[in-house]
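Engineer: Below: one structure in structure tokens.
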Amino acid sequence: KELSEDPAIVEAEETPVPAWSVRTVGAGQYLVGYALSNSWPGAMAFCSTKPSVKFANIYIGFGLQNTGKAFTPKPMPPVASEPQDVEEEEDVPLDAENQALKEMEEQRMVEEADEEEAEED
């Protein structure tokens, strides 16, 4: 397919821009022709015919096609509100914590003894 067959880019009501810009660089056996895509910024194809035919394509871009319209990003989501302050609880004194653990252990021992008696019966 020829480069001229690609659709032109129309920006607002301005003159259409061709899909490709074609240029040459160098002279004689060092002449290189290249085409830059105006539809996909970052796409490039180039070719050299001497001493042998060599060509390559490269794309270094953001994956966004040039549609001719101005890019407008979506608005950011609203900022989260400040969370409620956390009310701190008083630390349980060590003696009270040890007493609670002792009571729990004693309760567990009583329950285990009751279970052993029930199994023996």
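Going by my numbering, the letters in the sequence shown line up with residues 1001 to 1121, in that order.
Every residue gets a Cβ at the ideal spot worked out from N, C-alpha and C, and that includes glycine.
Given 8 Å as the limit, is there contact between the segment 1046-1064 and the segment 1075-1085, that is, 3 or more CB pairs closer than that?
Structural biologist: Judged by Cβ distances under 8 Å, the segment 1046-1064 makes no contact with the segment 1075-1085, as fewer than three pairs qualify.
Engineer: If the criterion is Cβ atoms closer than 8 Å, does the pair TRP1020 and SER1037 meet it?
Structural biologist: Yes; because the gap between Cβ atoms is below 8 Å, this pair is in contact.
Engineer: Which two residues bound the contiguous alpha helix (DSSP H) that contains LYS1054?
Structural biologist: Looking at the DSSP string, LYS1054 is not in any alpha helix (DSSP H); the run it does join, the beta strand (DSSP E), is 1054-1059.
Engineer: What did DSSP end up calling LEU1101 once you bin it into helix, strand or coil?
Structural biologist: Note: LEU1101 maps to helix in three-state DSSP.
Engineer: State the CB to CB distance for the pair ALA1043 and GLY1061, rounded to an integer number of angstroms; the pair is presumed to be in contact (CB under 8 Å).
Structural biologist: With a Cβ gap of about 7 Å, ALA1043 and GLY1061 count as contacting.
Engineer: Mind reading off the beta-carbon distance from VAL1022 to GLY1033? Whole number of angstroms is fine, and I expect it under 8 Å.
Structural biologist: Yes, VAL1022 and GLY1033 are in contact; Cβ-Cβ is about 7 Å, under 8 Å.
Engineer: Since PHE1062 sits in a beta bridge, which residues does DSSP pair it with?
Structural biologist: Note: PHE1062 sits in no beta bridge, so no partner.
Engineer: Near CYS1040, what residues of its chain come up, given a Cβ to Cβ distance below 8 Å and the 5 sequence neighbours on each side ignored?
Structural biologist: Before going further, note that residue 1040 is Trp rather than Cys in the sequence given. Closer than 8 Å at the Cβ level, and outside the excluded window around TRP1040, lie TYR1059, GLY1061, GLN1065, ASN1066.
Engineer: Nearest CA to the CA of ASP1006: which residue from GLU1014, THR1024, LEU1031, ALA1035?
Structural biologist: When each option's Cα is compared against that of ASP1006, the closest is ALA1035.
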